[in-house]
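Undergrad:
Numbering (the numbering used here), first residue to last: 535 to 772.
(1) Where do the ends of the beta strand (DSSP E) carrying residue 645 lie?
(2) By the three-class DSSP mapping on this structure, what secondary structure does residue 495 have?
(3) On the DSSP letters alone, give me the boundaries of the beta strand (DSSP E) that residue 696 sits inside.
(4) Kindly indicate the opening and closing residues of the beta strand (DSSP E) around residue 607.
(5) When DSSP labels each residue in this structure, what does residue 733 get in the three-state scheme?
(6) What first and last residue would you give for the beta strand (DSSP E) that runs through residue 724?
(7) In the DSSP output, which residue or residues are listed as bridge partners for residue 740?
(8) In chain order, what are the residue ranges of uninterrupted alpha helix (DSSP H) at least 4 long that sit wholly in the stretch 580 to 643?
(9) Return the chain-ordered list of same chain residues with a C-beta closer than 7 angstroms to the C-beta of residue 641, the five sequence neighbours on each side being excluded.
(10) Identify whether residue 668 lies in helix, strand or coil by the three-state DSSP scheme.
(11) DSSP puts residue 546 in a beta bridge; with which residues?
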């Protein structure tokens, strides 16, 4: 009887060992499979990140090409709209008066002009922006220079004149606006970089910041600007 019990116990022990072995093997296999899955997941994440980066670079390339095509353009905002208007002829007359030049000279420099139409303008009852396409950059630059010296008014409306920048590149500027306002507040000249960024001279050194991270590092380094930047951010949020 004791012998049978011993045999049964021994057999059970053997079965338990076999089960334990299989469980261990299963666990090892599962761990290996989990590692493989994590590796695959990481690989997929990297591939997606690379794909997104490539897409962003392609979009930037398209935007930069669009910018090059628009380098002879100007946008005019708040030009009063009239029924059956010939906006090209009207702007030629207004530019000639404002620039103190002949209409013929202005007309020779303009290739085309038109008014942009959008649902937002119609809903808010604002006149659409006017786009002026010049034959070269000479007259465009003269107008920009004149705009810094004397404002253009049409029918009593102050006309905002700015370069025709692709929307994608304008959106990339959002992260730099607090810094730009800070530079303006301290009367520091700056220029926008493309596809994104801003450059300026500070303490005798040229700074070129092309990412929000670089902006953060710059303002952290120069504590005297940091507090002012926080105040500006607070005003923007309000």
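Every residue gets a Cβ at the ideal spot worked out from N, C-alpha and C, and that includes glycine.
TA: The relevant details are as follows:
(1) 644 to 649
(2) Given a span of 535 to 772 for the chain in the structure shown, any question on residue 495 remains unanswerable.
(3) 691 to 697
(4) 607 to 611
(5) strand
(6) Note, residue 724: beta strand (DSSP E), 724 to 726.
(7) 735
(8) Listed in chain order, they are 621 to 633 and 637 to 643.
(9) 626
(10) strand
(11) Beta-bridge pairing links residue 546 to no other residue.
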